[in-house]
Amino acid sequence: MNPLDVDVEFERAAFSLAVNAQIPGEGITVLLGPSGSGKTTLMRLIAGLENPKTGSVSLGPQTWFDHHQGIDIPVRKRKVGIVFQDYALFQNMTVAQNIGFGVAKSDRERTADTWIERLDLGGLADRYPAQLSGGQRQRVALARTLATDPDLLLLDEPFSAVDAHLRQNLRAQLMGLVAAVKKPAILVTHDLDEARQVGDWIGVMTAGRLARFGAAHEIFNDPGEYAAACVLGWRNLLPVSSWNAGCVAGPWGQLGLSGVPLSAKWLGIRAEHIGLGPGLVPDCALQAKAVRCREMGAVRELQCRLADNSMLYIHRPWNTPLPAAGETITVHLPAQYVKPLGEGTSLAGTQLSQRASTSPCPPLSTLREHEAHSTSVV
Amino acid sequence: MNPLDVDVEFERAAFSLAVNAQIPGEGITVLLGPSGSGKTTLMRLIAGLENPKTGSVSLGPQTWFDHHQGIDIPVRKRKVGIVFQDYALFQNMTVAQNIGFGVAKSDRERTADTWIERLDLGGLADRYPAQLSGGQRQRVALARTLATDPDLLLLDEPFSAVDAHLRQNLRAQLMGLVAAVKKPAILVTHDLDEARQVGDWIGVMTAGRLARFGAAHEIFNDPGEYAAACVLGWRNLLPVSSWNAGCVAGPWGQLGLSGVPLSAKWLGIRAEHIGLGPGLVPDCALQAKAVRCREMGAVRELQCRLADNSMLYIHRPWNTPLPAAGETITVHLPAQYVKPLGEGTSLAGTQLSQRASTSPCPPLSTLREHEAHSTSVV
Amino acid sequence: MLEALATFDTEPIFLTLQLASMTLAVLMILGLPLAWWLANTKSPFRGVVETLTALPLVLPPSVLGFYLLVFLGKGSLIGEAWQSATGEPLVFTFSGLVIASCIYSLPFVVQPLQAGFESIDKRTIEAALSLGATHLRTFLEVVLPNMRRSLIVASVLGFAHTVGEFGVVLMVGGNIPGETQVISIAIYEHVESIEYEAAHLLSMVLLAFSFVVLLIVYGANGGKREALIA
Amino acid sequence: MLEALATFDTEPIFLTLQLASMTLAVLMILGLPLAWWLANTKSPFRGVVETLTALPLVLPPSVLGFYLLVFLGKGSLIGEAWQSATGEPLVFTFSGLVIASCIYSLPFVVQPLQAGFESIDKRTIEAALSLGATHLRTFLEVVLPNMRRSLIVASVLGFAHTVGEFGVVLMVGGNIPGETQVISIAIYEHVESIEYEAAHLLSMVLLAFSFVVLLIVYGANGGKREALIA
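Protein chains in written order, with this note's numbering: chain A, 6 to 383; chain B, 6 to 383; chain C, 28 to 257; chain D, 28 to 257.
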């Protein structure tokens, strides 16, 4: 169970990438990010399909790339298994020939048979890729890669060419296979649901940078910085303009929270963590106006407006009654679920609490005066 | 507010399509279906970009196509506005020229200015499509179409080329625009979330057939047939093999439900409608074994196995405690949420109820005897 | 060399340019509709027409020249009709050369145009039509401007191929100064007469011309270089 | 016609087939690595090499023939070296014809091959390498089998273009029966000698051959017909 150490810099045309991470030697690591954020490039750097400008890549004791030592093992000797986005099957070979391509000649037939069976491809052995459905091609690509028994599995958006209702089953199959072969896998995707379903570890990429990396539950609950929160689907992001004595304020109003770091530029909270109540709790609540309600299957979304007209999204179970449009409501933002977010720097791990003082927060005008002061402290 | 009457048959190579529907003259109609189900073909038949083998297409009093009367109005006279999947912008024209293309020369400049402003494209008027981002191109395509003031708007997966986190805003903008111009729109997609978010009406396409059509809330709560349920993301589908005296049975066990039509081949229930309890309720409950639990953001998914090893998926709010893996649990399937599903025929509108009798269902062995009988009745 | 320059006969050069320009003009007028038809038709005759259009590409110039002599020459239907209409024969005249060149260079104009029409995204045409544009407006404002590269390649190859033509001209046009003696024939004549310096001078002109042609073609590709033959 | 058939000289046909086969063999050996290099290199010399390769496409045969005479002929460095090594000159011999044909037909072989290499999905190559295959195995088992069409087009066009060659042969090879008199020259000779029936017979052979060539090329396209040029 060797961890993968990556510390690379890469530049091409208008794009540059710099990543330093240790990817665990077991389980599925998901690289999540918008298109153009460098997810696929990072994967290609690890595989040896692109050359870093500087840095090093090593899997446990094997050094694959080291700029200073002049080491650069070619891709065919790295023992990485790659599943490409469009599968890159060999069109001139049958399913069995594709799967056996990377296996020593003596073992080829037996290994191909094994993987054809393991991935439910029975009866398709003599077909050509052009005669297969999307899901079947995906499984052939996976089998071809796994048949070589790679030390590291790299999957570049492996489900993007497959119909939505097939993905569920293919994802579950993939998770089962990765668990069975006990090798680490890196999966690149821009699909949040996919990351949630298959990711043991999550890396959030934005603009050539690994903004956040860690265990999945940790990342989903605490994005650390603004850009990562956007990628992770956090829609309630409140800008912070000033703070004082356990009170944080922005154009949207103020909250009585203590422990907010000085470098916090935003406060984030997940839609399902916001409470709804009739009474106005002075410290951790805001007044809002209900705008509309939307059914989303298992949940129901309430959209409301804050003081500065920005939107706040609240999710409730499908069978919970929600206030009518136009109603003035009080929304509770429990301190333990509000996460401070940096810009370009991660504030992950910060725990906020409701401020201890029982006196109400000072009026906004007072806070504004402190703004200059606290900025100068930063 | 003219409704669109479509009654067409179409054939090409291995694909055939037959659709008969009246699409309401207001709001957004979403055509939902897997790739290859004929969504785009249906849209092209309506626009006049493909010719039906037979049938008719009319928008209110205007007949666009009628096989028997020999009417076939060319696309350029149909007053349909089409937004293509890849936008099909004119690469040789600026944003302003693209938007003004369909407008009479005298009005061109003024109209282009209006739409540039309405879609936040200010400052981009003199750019060429190649210089725009995905979201900007999408808005130019929409503006170019809306500028011609079409009687019917056709949108072919308009958000598929846009990054996930931009889609939310573009969808909201589209809904606002369609509401403002008060013209009917048909949107083709394979994205369930998109259908849920923008659809006033939903048409479910499978294999060249419109399996189900109606108001969005109605369709999402009652798919009517098996193929439609799959497309609509219903994952709990129990095959029906026999029934008797208000009891329905399959390899998974049996439920005491009355009102199940003889042509029901499956029973479906949404993951969030399944109840969890400790005690065994004899009639509308099954015994299951908890397998694993998965965090999905606002909801938490419990996966469990039924008697025949098939999986059942249960969704609960994120903060609800769930049984541990391996525990034996009782799952409740409330009669009002269980929907009978046909195969090839829609059973929409059927209401089931818990059977009145207080005596327990007969043992499965007894039911099996009745199977032959009930099948012969069908 | 200087001596050759002094007695340098510019007549073949002007004659060649005249021939190539006229040929290109005729080929563009015929080639645009033909290429459009080939790119869009579903007619069963498409295959036959396409093969006939491509024939001069692989047919040897001497075969082409021979058949042109047979079909345009004295005693042939076309040749006689032309002679009675204009008073001069078709073979061994400039008019005959233009016809021969058009046939010889046809694929070099039609095939790039056809590829250009085929590279146009069908959806942009559908989009233009759905926005209410007529077919003519769609063709002029959407189709042609988006295949500029193909227009340039077709023009340049059609012109250059006519300039470089030799075998067909030798057989159908002969070697009449001022009437049918184009550059390539003049070079051959000079070499046969062992006037190597005159041949050298004319060859340099054509070599330079060919270089410029290729630069234009690869330039029109806009950085994305592609094979001319595929 | 029958009379002509009786005295029909098959020597030019065999000579032509021999020339075309040898030329194609040489061009395939040189063309495959050259095309591979052109399709994959990022070298700044790529543009120059590509232009040189394409030059015979637009350069008139008489110019090409003239320069070949100059550089291969008596008194030239290459010509003298060849003569001292083999005892026979390069011009007006079969060996000279092969060299001339190789230069003349070069773009018709290299460009389809280059387009073929460029059409190969780079990811299938990367996939093969990541599965542990050597570069040679990847080339033989993944690259070549997936560009069969390009191989066929290159072979057929290279062969056919050599068969149809006229101007260069006339200048570099002359018209020596059994040594340099290929079909296209023989036709020209027959026409000049007003032996129209013999010319007709040979032309028919070449016309039929050209038809078959186009059928093969369009057949290799697998229904999806494409332009050969551009």
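Every residue, glycine too, gets a C-beta built ideally from N, C-alpha and C.
Query	Result
Between the CA atoms of L137(B) and R17(A) - distance to the nearest angstrom	21 Å
Proximity to G280(B) [Cα-Cα], best of G238(B), C309(B) and P266(B)	C309(B)
Cβ-based neighbour list, F20(B), same chain, cut-off 6 Å, excluding 5 preceding and 5 following	none
Rounded separation between L129(B) and E300(A) - CA only	36 Å
T151(D) at chain A interface by Cβ criterion, 9 Å	yes
G106(D) burial status per 10 Å Cβ neighbour count (16 or more: buried)	buried
Ordered list of beta strand (DSSP E) runs contained in the region 201-230 of chain A, each at least 3 residues	206-211 and 214-220
Under 9 Å between C-beta atoms of P189(B) and P8(B)	yes
CB of L352(A) within 9 Å of CB of A269(A), strictly	yes
In chain order, each alpha helix (DSSP H) run of at least 4 residues that lies wholly inside the region 156-234 of chain C	175-191, 194-199 and 210-219
Cα-Cα separation between L215(A) and G30(A), rounded to whole angstroms	18 Å
Proximal residues to N56(B) (C-beta, below 6 Å), its chain only, five neighbours per side dropped	none
Any non-hydrogen atom of the ligand NAD closer than 8 Å to D154(A) Cβ	Of ligands this structure carries none, so the ligand NAD is not represented either.
Three CB pairs or more closer than 8 Å across the region 44-52 of chain A and the region 217-225 of chain A	no
Sequence-distant residues of the same chain with beta carbon closer than 8 Å to L96(D), five excluded per side	V118, M198 and V199
Under the three-state DSSP convention, the category E31(A) falls into	coil
Beta-carbon proximity check, F95(B) vs E192(C), cutoff 9 Å	no
Cβ pair G194(D), S128(D) closer than 9 Å	no
Exposure of D227(A), with buried meaning 16 or more beta-carbon neighbours within 10 Å	buried
S111(D) versus Y94(D): straight-line alpha-carbon distance, rounded	21 Å
Opening and closing residue of the alpha helix (DSSP H) in which I2(A) lies	No statement about residue 2(A) is possible, as the shown extent of chain A runs from 6 to 383 and does not include it.
Per-residue burial, F15(B) [other beta carbons within 10 Å of its own, 16 or more giving buried]	buried
Neighbourhood of A257(C) by C-beta, 8 Å cutoff - its chain only, sequence neighbours within 5 removed	Because the pLDDT at A257(C) is just 48, under 50, the model does not fix this residue reliably, and the value given afterwards should be weighed accordingly. For A257(C), where only same-chain residues beyond five positions count, there are no Cβ hits under 8 Å.
Residue-level contact to chain C via CB, S89(D), 9 Å cutoff	yes
Whole-angstrom C-beta distance between L262(B) and L346(B), which should lie under 8 Å	Not confirmed; about 13 Å, so no contact.
Segment contact, 8 Å Cβ cut-off, at least three pairs: the region 199-206 of chain A with the region 30-44 of chain A	yes
Residue ranges of each beta strand (DSSP E) within the region 311-361 of chain B, 3 or longer	316-322, 333-337 and 344-346
Cβ neighbours of P322(B) in the same chain (closer than 8 Å, five flanking residues each side left out)	A303, V304 and R305
For V265(A) and V382(A), the rounded distance between their alpha carbons	Confidence in V382(A) is poor, its pLDDT being 36 and thus under 50, which makes the residue's placement too unreliable to answer from.
Start and end residues, beta strand (DSSP E) containing Q259(A)	G258 to L260
DSSP three-state assignment for Q292(A), whether helix, strand or coil	strand
Three or more C-beta pairs below 8 Å linking the region 221-231 of chain C and the region 216-224 of chain D	no
Under 7 Å (Cβ pairs) to chain D, residues found in the region 213-236 of chain C	I214, Y215, V218, A226, S230, L233 and L234
For Q173(B) and S146(C), the rounded distance between their alpha carbons	34 Å
Cβ-Cβ separation, V137(D) to A62(D) (assumed contact under 8 Å), whole Å	5 Å
Local conformation of D309(B) per DSSP, three classes	First, the residue type needs correcting, since residue 309(B) is Cys and not Asp in the sequence shown. The answer is strand: DSSP assigns C309(B) an E or B state.
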